[in-house]
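Below is one structure, written out as structure tokens; the observations come after it.
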Amino acid sequence: MNNDLVRFSVAMPEDLLMDFDAFAARRGVAKNRSEVIRDLVRDALNEEAVAFPGVKVVGTLTVTFDHHTPGLQEKLDDFQHDFFENIISTMHVHLDQHRCLEVIVLKGDSYDIRDIADSIIGTKGVTNGKLVLTTVE
Ligand code: NI
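Mapping of the sequence shown onto my numbering: residues 92 to 228, in sequence order.
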């Protein structure tokens, strides 16, 4: 694989370019247009790669829930024991008197990981859930 930088030109409407420059500026002064475009392309390629079943992935599932929901904490623990080969770590944060946040680290086949994440997010009492994956290879 050749990592030499190659220049190419991109045409886009001026309004879109202005919005893009503002977006790039929000990413910090250290990022120029080229670097921000490279980040976006890598993100898009990663999104596509992790969408295929059979791809080895690693990632995090972040969920929030009310720990007073009957049986919920036990159900979340059961998931983690049932899928101990895929769920490799969990961080639990008590947000306030009622609400909890868990960051669950998963690895394995992309299809299995999505299935486990959907089951956890779909559990009654889970108020919010977001899965972020990246390829291992
Ligand atoms: Ni808690």
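In this text, a Cβ means the ideal position worked out from N, Cα and C, and glycines have one as well.
All figures in this text were calculated on a predicted structure; none of them were measured in a lab.
Three-way DSSP call (helix, strand, coil) for residue i in this model
i    : result
M109 : helix
K215 : coil
L167 : helix
D187 : coil
S180 : strand
Enclosing alpha helix (DSSP H) for residue i [first to last residue]
i    : result
L96  : L96 -> no alpha helix (DSSP H), and no H or E assigned at all.
S125 : 124-142
Buried versus exposed call for residue i [16 or more other C-beta atoms within 10 Å across all chains shown]
i    : result
Y154 : The identity of residue 154 in the sequence shown is Val, whereas the question assumes Tyr. Classification for V154: buried.
S201 : buried
A121 : exposed
R205 : buried
Enclosing beta strand (DSSP E) for residue i [first to last residue]
i    : result
L152 : 147-157
**Prompt:** Do the region 174-185 and the region 124-144 make contact, defined as three or more Cβ pairs closer than 8 Å?
**Reply:** Too few Cβ pairs lie closer than 8 Å, so no.
**Asked** Does the region 160-167 touch the region 98-112, meaning 3 or more C-beta pairs lie closer than 8 Å?
**Response** No contact exists between the region 98-112 and the region 160-167.
**Asked** Three or more C-beta pairs closer than 8 Å, one from the region 185-200 and one from the region 140-152: is that the case here?
**Response** Because the criterion of three Cβ pairs below 8 Å is met, the region 185-200 and the region 140-152 touch.
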